[in-house]
Each structure stands twice: as structure tokens, then as C-alpha cells.
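Numbering (the working numbering), first residue to last: 147 to 478. Only one structure is covered here, and it is reproduced in the block below.
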Ligand code: TRP
């Protein structure tokens with residue numbers, strides 16, 4: 147039996163190098179592992195907790211699917227689907243809500259963070275909090291449990307949610323004295339994904355310091371040229387460990403190649419030449435995914451077909467799980 151690895155992707159636009167190295171690349175490596183069945187879906191109903199523009203939600207959903215396909219996700223091996231196309235998820239979500247004590251939901255960090263902001267501002271503690279945000283972890287648990295997932299690759303910030311899914315499954319199984327739901331385990335992505343941005347802070351869209359994956363080659367080059375450097379003269383030896391250009395570049399390379407590059411820094415390389423090398427390596431890595439992305443976005447109906455096919459296949463997996471759950475609770 148293959149291990150089932152499931153992860154949800156919130157639709158957000160414009161991935162950067164940090165996302166790619168930290169999320170896309172390791173998730174795609176996992177999906178290519180022959181001992182794993184991977185299910186990667188677009189969590190469009192989770193996005194509805196915040197997005198209010200229908201055209202934007204539709205566009206971001208297609209866009210995020212295009213990004214994964216462009217980076218090499220193979221829809222023949224990996225199930226790719228839209229959360230909203232799988233009604234079994236929402237039925238299970240209700241059932242799990244009945245197994246989630248309210249006090250337990252109060253501790254979920256997405257809600258707690260919103261509440262802390264309100265309290266700090268002196269607002270009502272629940273100001274702006276909709277029930278979708280409040281019950282976010284229940285829907286996420288349904289995403290996970292409906293396919294009997296074994297592992298859930300996530301960033302550190304989502305570990306609590308996966309543990310909540312495990313708790314809900316445990317509580318459910320205990321109630322009915324049977325192993326109805328499979329207990330999932332979070333697979334935390336390593337810290338190798340933390341890539342500094344062009345100003346030295348963590349690369350993040352909110353800081354405006356990113357190297358975007360799918361901009362034109364020219365824009366990417368321009369972003370590389372913005373990486374902060376000091377005024378060491380061109381021929382002078384440079385300490386790679388304290389150079390931002392090196393730290394970003396290193397994240398793209400194997401250990402051996404990173405060491406070769408460090409040697410070049412120590413023997414003296416101009417910042418211009420160092421950036422040129424980085425721009426070339428980035429271009430070599432991104433040229434193909436960029437072309438694929440552009441091609442996919444020219445014909446979104448092909449993406450729709452892939453998502454439809456994924457939904458059909460995953461519903462075949464979800465239906466028997468839901469039948470087990472319904473039988474356990476006593477409906478039908
Ligand atoms: N909450 C996750 C995030 O913000 C997205 C997500 C939704 C998810 N459902 C999931 C992740 C199920 C893993 C499993 O990134």
C-alpha cells in the first residue's frame with residue numbers, strides 16, 4: 147500500500163523563489179516518490195474566508211494550479227483538484243464540527259491571531275471574524291481525513307491544524323469504538339526553504355523584496371541587481387557567509403556547487419559578476435517552467451480539464467470514507 151500524502155494550497159498569486167524552494171520543490175519531490183500517492187488540491191473554499199471578488203477567486207484558483215503544473219506536477223501521477231468540487235469534504239466537515247469542542251476551536255492560531263489584533267486595538271475581540279475563519283481547522287481536517295491521508299506536508303505554521311485534525315479523528319474513533327478515520331501526521335518542511343529577500347529580510351511578498359518565479363527574464367534580472375551589497379572593491383576577496391548575494395544563490399545550488407561558488411567569492415569576484423552568475427543560474431532553472439506557465443495560462447480550459455478529472459478521481463476515493471463515517475454515526 148502506498149502512503150497517501152495530501153496537501154492543500156491556498157490560492158495566492160505570484161510565487162517567488164522562496165516559495166518555490168521551500169514549498170513547491172520539496173512537495174514535487176515527494177510526489178515523484180514511487181512509494182507515495184500524492185493529492186495536491188486548491189483550497190478555494192478556505193480562500194473564501196477572505197476573498198470577496200468572484201473574478202479574483204476564479205483567477206487565483208486557475209493561476210495556482212498553473213504554477214504547480216508549470217513546476218512539473220504530473221497530473222497523471224498526482225491528483226490535482228479543486229476543494230470546492232468535492233462535496234464529500236463539506237459533509238464530513240459538518241460531522242467533524244460536531245466532534246470539535248468550542249473551547250478547542252478557540253485555541254486555533256488563525257483565530258487567535260485575529261483576536262489578538264482586535265484586543266490590541268481595543269476592538270471587540272471577535273470583530274471581523276467570520277465563522278469560516280473560526281472553523282477553518284475543521285474544514286482543513288475534513289480535507290485531510292476524507293482521503294485517509296497518512297502524511298500532510300505543511301509549513302511550520304500549519305502543524306497545529308494537522309494536529310487538530312488528528313485530535314478530531316481520535317475523538318471520533320473513540321466515540322464509536324472503531325478505527326473509522328485514519329490518523330494523519332504532519333510532515334514539516336525543512337528550514338532550507340528560508341531564503342532571504344533582496345533586502346536581507348526573509349523573502350516575502352509583504353516586504354516587496356522577492357525574486358518572482360514567473361516574471362520576464364528582464365524583470366528577474368532587475369530584481370537580482372537590487373540585492374543589497376557593501377562597498378568592498380571589485381577585486382577584493384569577499385566573505386561568502388556574510389554576503390546576501392551568496393546566501394540567496396546558495397539556496398539554489400547543491401552543496402558541492404555552493405562550495406565552488408564560495409571559493410570564487412574568497413578569491414575575489416565583483417558584486418556585478420556575482421549577481422550575473424546568480425541571474426544566469428536563476429534563468430537556467432526558471433526558463434522552462436516560465437514557458438510552461440505562459441503556455442498554460444494561454445489556454446486555461448486545459449487546466450480546468452485537469453482539475454475536473456482530479457475531482458472525479460478523488461471523489462471515488464472520498465465516497466467510501468464518507469460512507470464509513472455515515473454508517474458509524476447512524477445516518478442511513
Ligand atoms: N491551511 C493551509 C494553508 O494555509 C491550506 C490547507 C487547506 C491545507 N487545507 C489543507 C494544507 C489540508 C494541508 C492539508 O497553507
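Virtual Cβ for every residue (Gly too), placed ideally from N, Cα, C.
Please confirm whether residue i has its beta-carbon closer than 9 angstroms to some beta-carbon of chain D.
{"i": "residue 430", "result": "No chain D appears in the structure shown, which is made up of a single protein chain."}
Pick out whichever of the options has its Cα sitting closest to the Cα of residue i.
{"i": "residue 228", "options": "361, 220, 187 and 257", "result": "187"}
{"i": "residue 394", "options": "217, 160 and 168", "result": "168"}
{"i": "residue 297", "options": "366, 153, 147 and 452", "result": "153"}
{"i": "residue 236", "options": "468, 295, 477 and 478", "result": "468"}
{"i": "residue 183", "options": "475, 470, 477 and 463", "result": "463"}
{"i": "residue 252", "options": "384, 271 and 378", "result": "271"}
{"i": "residue 213", "options": "465, 446, 472 and 478", "result": "446"}
{"i": "residue 476", "options": "406, 322 and 376", "result": "322"}
{"i": "residue 147", "options": "294, 266 and 166", "result": "294"}
{"i": "residue 380", "options": "419, 368, 179 and 202", "result": "419"}
Determine the burial state of residue i: buried for a count of at least 16 other Cβ atoms within 10 Å of its Cβ, exposed for fewer.
{"i": "residue 355", "result": "buried"}
{"i": "residue 304", "result": "buried"}
{"i": "residue 437", "result": "exposed"}
{"i": "residue 198", "result": "exposed"}
{"i": "residue 359", "result": "buried"}
{"i": "residue 164", "result": "buried"}
{"i": "residue 440", "result": "exposed"}
{"i": "residue 240", "result": "exposed"}
{"i": "residue 282", "result": "buried"}
{"i": "residue 465", "result": "exposed"}
{"i": "residue 320", "result": "exposed"}
{"i": "residue 161", "result": "buried"}
{"i": "residue 343", "result": "buried"}
{"i": "residue 159", "result": "exposed"}
{"i": "residue 372", "result": "exposed"}
{"i": "residue 314", "result": "buried"}
In its own chain, which residues sit with a C-beta less than 6 angstroms from the C-beta of residue i, not counting the 5 before and 5 after it?
{"i": "residue 225", "result": "185, 456, 459 and 460"}
{"i": "residue 386", "result": "392, 408 and 411"}
{"i": "residue 301", "result": "335"}
{"i": "residue 375", "result": "417"}
Closer than 8 angstroms to a non-hydrogen atom of the ligand TRP - does that hold for the CB of residue i?
{"i": "residue 164", "result": "no"}
{"i": "residue 304", "result": "yes"}
{"i": "residue 298", "result": "yes"}
{"i": "residue 292", "result": "no"}
{"i": "residue 225", "result": "no"}
{"i": "residue 378", "result": "no"}
{"i": "residue 177", "result": "no"}
Please go through the same chain and pick out, in chain order, the residues whose beta-carbon is closer than 8 angstroms to the beta-carbon of residue i, but skip the five residues on each side of it.
{"i": "residue 260", "result": "274, 275 and 279"}
{"i": "residue 289", "result": "152, 154, 187, 189, 229 and 235"}
What first and last residue would you give for the beta strand (DSSP E) that runs through residue i?
{"i": "residue 332", "result": "331-334"}
{"i": "residue 185", "result": "182-188"}
{"i": "residue 149", "result": "149-155"}
{"i": "residue 386", "result": "Looking at the DSSP string, residue 386 is not in any beta strand (DSSP E), and its letter there is neither H nor E."}
{"i": "residue 227", "result": "225-228"}
{"i": "residue 299", "result": "297-300"}
What residues in its chain sit with their C-beta under 7 angstroms from that of residue i, if we drop five residues either side in the sequence?
{"i": "residue 156", "result": "189, 192 and 193"}
State the start and end residues of the unbroken alpha helix (DSSP H) segment that holds residue i.
{"i": "residue 418", "result": "417-444"}
{"i": "residue 207", "result": "200-216"}
{"i": "residue 172", "result": "171-178"}
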